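Trainee: Residue numbers (this note's numbering), protein chains in the order written: chain A, 87 to 333; chain B, 87 to 333.
Protein chains: 2
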Amino acid sequence: MKSSNMFYLIYTLSLLLGLLCIIFVTVWSKCYRGGFAWDGTGMMFNWHPVCMVTGLVLYGNAILVYRLPFTWSSSKLILKLVHATLNLGVLSLAVIGLQAAFGFHNNMHIPNLYSLHSWVGFAAVIFFSLQWLLGFLAFLLPCTPLWLRTAYKDVHFFFGLCILAMTVAASLSGINEKLIFVLNAPNSTAPYKKLPPEAYLANILGVLLLCFSLTIAWMILKREWQRPNPHASALSDATEPLLTENQ
Amino acid sequence: MKSSNMFYLIYTLSLLLGLLCIIFVTVWSKCYRGGFAWDGTGMMFNWHPVCMVTGLVLYGNAILVYRLPFTWSSSKLILKLVHATLNLGVLSLAVIGLQAAFGFHNNMHIPNLYSLHSWVGFAAVIFFSLQWLLGFLAFLLPCTPLWLRTAYKDVHFFFGLCILAMTVAASLSGINEKLIFVLNAPNSTAPYKKLPPEAYLANILGVLLLCFSLTIAWMILKREWQRPNPHASALSDATEPLLTENQ
Numbered sequence: 087m088k089s090s091n092m093f094y095l096i097y098t099l100s101l102l103l104g105l106l107c108i109i110f111v112t113v114w115s116k117c118y119r120g121g122f123a124w125d126g127t128g129m130m131f132n133w134h135p136v137c138m139v140t141g142l143v144l145y146g147n148a149i150l151v152y153r154l155p156f157t158w159s160s161s162k163l164i165l166k167l168v169h170a171t172l173n174l175g176v177l178s179l180a181v182i183g184l185q186a187a188f189g190f191h192n193n194m195h196i197p198n199l200y201s202l203h204s205w206v207g208f209a210a211v212i213f214f215s216l217q218w219l220l221g222f223l224a225f226l227l228p229c230t231p232l233w234l235r236t237a238y239k240d241v242h243f244f245f246g247l248c249i250l251a252m253t254v255a256a257s258l259s260g261i262n263e264k265l266i267f268v269l270n271a272p273n274s275t276a277p278y279k280k281l282p283p284e285a286y287l288a289n290i291l292g293v294l295l296l297c298f299s300l301t302i303a304w305m306i307l308k309r310e311w312q313r314p315n316p317h318a319s320a321l322s323d324a325t326e327p328l329l330t331e332n333q
Numbered sequence: 087m088k089s090s091n092m093f094y095l096i097y098t099l100s101l102l103l104g105l106l107c108i109i110f111v112t113v114w115s116k117c118y119r120g121g122f123a124w125d126g127t128g129m130m131f132n133w134h135p136v137c138m139v140t141g142l143v144l145y146g147n148a149i150l151v152y153r154l155p156f157t158w159s160s161s162k163l164i165l166k167l168v169h170a171t172l173n174l175g176v177l178s179l180a181v182i183g184l185q186a187a188f189g190f191h192n193n194m195h196i197p198n199l200y201s202l203h204s205w206v207g208f209a210a211v212i213f214f215s216l217q218w219l220l221g222f223l224a225f226l227l228p229c230t231p232l233w234l235r236t237a238y239k240d241v242h243f244f245f246g247l248c249i250l251a252m253t254v255a256a257s258l259s260g261i262n263e264k265l266i267f268v269l270n271a272p273n274s275t276a277p278y279k280k281l282p283p284e285a286y287l288a289n290i291l292g293v294l295l296l297c298f299s300l301t302i303a304w305m306i307l308k309r310e311w312q313r314p315n316p317h318a319s320a321l322s323d324a325t326e327p328l329l330t331e332n333q
């Protein structure tokens, strides 16, 4: 199979998996957890998984912007602005998702940030915010020295993948934690270990998130699918002062 | 700082983090969870986290074999045999770790493989076994066609990283799950949300595992730290019939 056809096959698969993730988390929250509100109850908490999963799917698509062949005719600056804007959307979703969890905890007198899930998830949001800020300073400010831009590019790429892995770990531990809390509660009709339909649905959501992230990582890491840059020097991608380029 | 010095700095850090992970999981199981036995009780289960965490640390070191500059004077075949042997050790630890969990579950009449943690962890072990088998067939059997060896190399590398990410996700969700089960049990003196010393210890274990894996991923992905192969053709690493090479 031609390499570009293989790319589009995996890209289509990633879009489908991402869509399924959003559908599964919404159905879980809406049909099994009582739907949505912003009132400090469990319905407020339900925004947390929906925002975080949607944020993860959007993040996967944001880091993929430079790999899409139909974007290669666009200016690099436009691609960088799209990348930064999509990631700002991810950050907004993460902040709303955190507010939903904290609001629910505060209202129910549950401490915040005690579980390993919350530690890893919160660290992922902090890392993501720093990554966005440093990416903006390094690649979108024309006054940033070229040597710094070059030096930072590999770090930005690597931490982008690390944040993806951290969000997957946080999501899977969060789904697992939520299922234990709600299905093993005294008023539950079927415990987690009996695998009721809700447990199947949410477990499959976790598997879908993992598969989605693997397709994204594969497309990002495969060297031959990187954006070609025939007009520039070897150092171009890292060293162009992006806000002043006129491609 | 010189690039090789930076490598050894991160390598030393990874060794230290790996050692700390093994110490932390052993202290957790020994001092907080009652120690070790092979009798179907919680003491049998305690082998599960110890084997899995030790396996993860050994796996990180196994995939790093080709990156260590002091191994570069060795024959490629010897490196491959070391890589395969270390990974066989990882597989043994994973199998013992699974037996410990299944033996405990069966004795306590708890179903196996119902939680998302167990789905992801079990899938990681299955993937790891397939990866080992396919790696052996592709890179250690001299009769494997060169085109197949070349085609499979990227896939082997990518799935090696995926398995690392999956084991981290499984470990973090497993630590989180175990802490909820034991600290929120009716006979517990301090629930998880009060962050008793055991919760701190195990949460920090999760953070250490994450940091360890990030150092390994950084060393693996950084292109300039790959093993040089000046004597061979461009395709050498992928196409040498390894059991017949005489480097």
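Backbone N, C-alpha and C fix where the C-beta goes; we use that ideal spot for every residue, glycine too. Note that the structure is predicted; figures quoted are calculated from it, not measured.
(1) Could you tell me whether the Cβ of proline 272 of chain B comes closer than 8 Å to any Cβ of chain A?
(2) Which class does serine 201 of chain A belong to by DSSP, given the choice of helix, strand or coil?
(3) Would you report the Cα separation of glutamine 333 of chain A and valine 206 of chain A, rounded to the nearest angstrom?
(4) Which of the three DSSP states is assigned to tryptophan 158 of chain B in this structure?
(5) Closer than 7 Å by beta-carbon distance: list the chain A residues that pair up with histidine 334 of chain B, in chain order.
(6) Mind reading off the beta-carbon distance from leucine 291 of chain B to phenylalanine 110 of chain B? Whole number of angstroms is fine, and I expect it under 8 Å.
(7) Tell me which residues share the same chain as leucine 103 of chain A and place their Cβ nearer than 7 Å to its Cβ, disregarding the 5 neighbours each side in the sequence.
(8) First and last residue of the alpha helix (DSSP H) that includes asparagine 262 of chain B?
(9) From the DSSP output, in three-state form, read off histidine 195 of chain B for me.
(10) Who are the near neighbours of tyrosine 118 of chain B in its chain, counting only those whose CB is closer than 6 Å to its CB and skipping five residues on each side?
(11) Going along the chain, which residues of the region 303-314 of chain A sit with their C-beta nearer than 9 Å to a C-beta in chain B?
(12) At what residues does the alpha helix (DSSP H) containing leucine 281 of chain A begin and finish?
(13) Using a Cβ-Cβ cutoff of less than 7 Å, which residues in the same chain neighbour valine 136 of chain A once the five nearest sequence positions on both sides are dropped?
(14) With a threshold of 8 Å, are at least 3 pairs of Cβ atoms found where one atom belongs to the region 136-145 of chain A and the other to the region 161-176 of chain A?
(15) Grab me the residues of arginine 313 of chain A's own chain with a C-beta within less than 6 Å of its C-beta, minus the 5 sequence neighbours each way, in chain order.
(16) Helix, strand or coil for threonine 275 of chain A per DSSP?
(17) For the region 207-218 of chain A against the region 252-261 of chain A, do three or more pairs of beta-carbon atoms, one drawn from each stretch, fall closer than 8 Å, so that the two count as touching?
(18) Are the C-beta atoms of serine 89 of chain A and some chain B residue less than 8 Å apart?
(19) Could you confirm whether any beta carbon from chain B is found closer than 8 Å to the beta carbon of leucine 196 of chain A?
(20) Looking only at its chain, what residues have a beta carbon closer than 7 Å to the beta carbon of glycine 246 of chain A, apart from the 5 residues adjacent to it on each side?
(21) Closest by CA to leucine 105 of chain A, which one among A:Thr140, A:Met92, A:Trp233, A:Asn273?
(22) Would you grab the beta carbon distance between serine 215 of chain A and leucine 184 of chain A for me? Rounded to a whole angstrom, and I think it's under 8 Å.
(23) Isoleucine 287 of chain A: which of A:Ile306, A:Pro272, A:Lys308, A:Lys264 sits nearest, CA to CA?
(24) Are leucine 226 of chain A and lysine 166 of chain A touching if we call contact CB-CB under 8 Å?
(25) Cβ closer than 7 Å: which chain A residues qualify as neighbours of lysine 279 of chain B?
(26) With DSSP run on the structure shown, which of helix, strand or coil describes cysteine 137 of chain A?
(27) Does DSSP put lysine 116 of chain B in a helix, in a strand, or in coil?
(28) Helix, strand or coil for phenylalanine 122 of chain A, going by three-state DSSP, please let me know.
(29) Roughly how many angstroms separate the alpha carbons of threonine 275 of chain A and histidine 195 of chain B, rounded to a whole number?
(30) Mind listing which residues of the region 236-253 of chain B have their C-beta closer than 8 Å to chain A's C-betas, in chain order?
Mentor: For this structure:
(1) The residue labelled residue 272 of chain B in the question sits at position 186 within the second sequence. For proline 272 of chain B, the answer is no, since every Cβ of chain A falls outside 8 Å of its Cβ.
(2) Translated into the one-based positions of the first sequence, residue 201 of chain A becomes position 115. Residue state, collapsed to three classes: coil.
(3) One-based indexing of the first sequence puts residue 333 of chain A at position 247. One-based indexing of the first sequence puts residue 206 of chain A at position 120. With a pLDDT of 30 at glutamine 333 of chain A, under the threshold of 50, the modelled position of that residue is not reliable, and the figure given next carries that caveat. Whole-angstrom Cα-Cα distance: 40 Å.
(4) As a working note, residue 158 of chain B is residue 72 in the second sequence. Coil, per DSSP.
(5) For residue 334 of chain B there is no data in the structure shown, the boundaries of chain B being 87 and 333.
(6) The count along the second sequence starts at 1 and reaches residue 291 of chain B at position 205. The count along the second sequence starts at 1 and reaches residue 110 of chain B at position 24. At roughly 4 Å, the Cβ-Cβ gap stays under 8 Å, so leucine 291 of chain B and phenylalanine 110 of chain B are in contact.
(7) Here residue 103 of chain A is taken as the residue at index 17 of the first sequence, counted from 1. Around leucine 103 of chain A: Leu294, Cys297, Phe298, Thr301.
(8) Taking the second sequence and counting its residues from 1, the one referred to as residue 262 of chain B is at position 176. Counting along the chain, the alpha helix (DSSP H) containing asparagine 262 of chain B begins and ends at 232-269.
(9) Against the second sequence, residue 195 of chain B aligns to sequence position 109. Here histidine 195 of chain B sits in coil by DSSP.
(10) As a working note, residue 118 of chain B is residue 32 in the second sequence. Contacts found: Glu284.
(11) Ala303, Trp304, Leu307, Lys308, Arg309
(12) Counting from one through the first sequence, the residue named residue 281 of chain A turns up at place 195. Unbroken run through leucine 281 of chain A: none, as it is neither H nor E.
(13) Numbered from its first residue, the first sequence carries residue 136 of chain A at position 50. Result list for valine 136 of chain A: Val111, Thr112, Ser115, in chain order.
(14) yes
(15) To locate residue 313 of chain A, count along the first sequence from 1; it is residue 227. Hits under 6 Å: Tyr152, Trp158.
(16) In the first sequence, residue 275 of chain A corresponds to position 189, counting from 1. Coil at threonine 275 of chain A, not helix or strand.
(17) yes
(18) Walking along the first sequence from the start, residue 89 of chain A turns up at place 3. Not an interface residue.
(19) In the first sequence, counting from the first residue as 1, residue 196 of chain A sits at position 110. According to the sequence as given, residue 196 of chain A is isoleucine; it is not leucine. Interface residue, yes.
(20) Taking the first residue of the first sequence as position 1, residue 246 of chain A is located at position 160. Cβ within range, chain order: Ile149, Gln217.
(21) One-based indexing of the first sequence puts residue 105 of chain A at position 19. Ranking the options by Cα distance to leucine 105 of chain A, first place goes to A:Thr140.
(22) Locating residue 215 of chain A in the first sequence gives position 129, counting from the first residue. Locating residue 184 of chain A in the first sequence gives position 98, counting from the first residue. That pair is no contact at about 11 Å.
(23) Residue mapping note: residue 287 of chain A aligns to position 201 of the first sequence, counting from 1. At residue 287 of chain A the sequence reads leucine, which differs from the isoleucine that was named. Considering only alpha carbons, the answer is A:Lys264.
(24) As a working mapping, residue 226 of chain A is identified with position 140 in the first sequence. As a working mapping, residue 166 of chain A is identified with position 80 in the first sequence. Against a cut-off of 8 Å, the Cβ pair of lysine 166 of chain A and leucine 226 of chain A comes out as a contact.
(25) Here residue 279 of chain B refers to the residue found at position 193 when the second sequence is read from its first residue. Those within 7 Å of lysine 279 of chain B in chain A are Ile196, Pro197, Tyr200.
(26) Your numbering for residue 137 of chain A matches position 51 in the first sequence. Helix.
(27) Numbered from its first residue, the second sequence carries residue 116 of chain B at position 30. Correct three-state label for lysine 116 of chain B: helix.
(28) Sequence index remark: in the first sequence, residue 122 of chain A carries index 36 (1-based). Coil, per DSSP.
(29) Counting from 1 along the first sequence, the entry for residue 275 of chain A is found at position 189. Counting from 1 along the second sequence, the entry for residue 195 of chain B is found at position 109. If I take the Cα positions, the gap works out to 19 Å.
(30) Asp240, Phe244, Leu247, Cys248, Ala251, Met252
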